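Following: one structure in structure tokens, then a few remarks.
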Amino acid sequence: MIRAREANMALTHLLVLLQLSLNDRTRLCDMAEVLNISSAAVTQLADRMESLGLVHRCSLRMDRRAWMLEITDHGFGVLFNIMKP
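For reference, each letter of the sequence shown is one residue, going 4 to 88 in the working numbering.
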């Protein structure tokens with residue numbers, strides 16, 4: 004069983020994965036609001052999580068300036084392993 008510490012994940016990583024598991028996609032600005040952190044901080048967080056293969060970043064078709072985060076299959080797997088009893 005993988006725990007957050009073993010997966011080298013911060014609490015914010017886990018919170019992002021939980022938020023994304025409840026919603027298919029979340030805009031980065033909305034994630035910053037949910038986590039109560041700056042947009043710069045959420046961008047750095049997204050960069051780190053994307054490099055770990057936990058999330059995928061994509062642009063909105065109607066507004067290519069806005070970015071969305073999606074949880075990947077790997078992200079779901081990591082979240083499942085962390086959350087299982």
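Just so you know, even glycine gets a beta-carbon here, dropped at the ideal spot from N, CA and C. Since the structure is predicted, the reported quantities are computational estimates derived from the model, not experimental observations.
Here the stretch 30-38 makes contact with the stretch 68-78; the two share three or more CB pairs at distances below 8 Å. Apart from sequence neighbours up to five positions away, the residues of its chain that approach residue 37 with a beta-carbon distance below 7 Å are 22, ordered along the chain.
Listed in chain order, the alpha helix (DSSP H) runs fully inside the stretch 10-48 are 14-25 and 31-38, counting runs of at least 4 residues. Secondary structure of residue 65 (DSSP, three-state): coil. For residue 25, the number of other beta carbons within 10 angstroms of its own is below 16, and it is reported as exposed. Rounded to the nearest angstrom, the gap between the Cα atoms of residue 62 and residue 87 is 32 Å. Separation of residue 17 and residue 82 (C-alpha to C-alpha, rounded to the nearest whole angstrom) is 7 Å.
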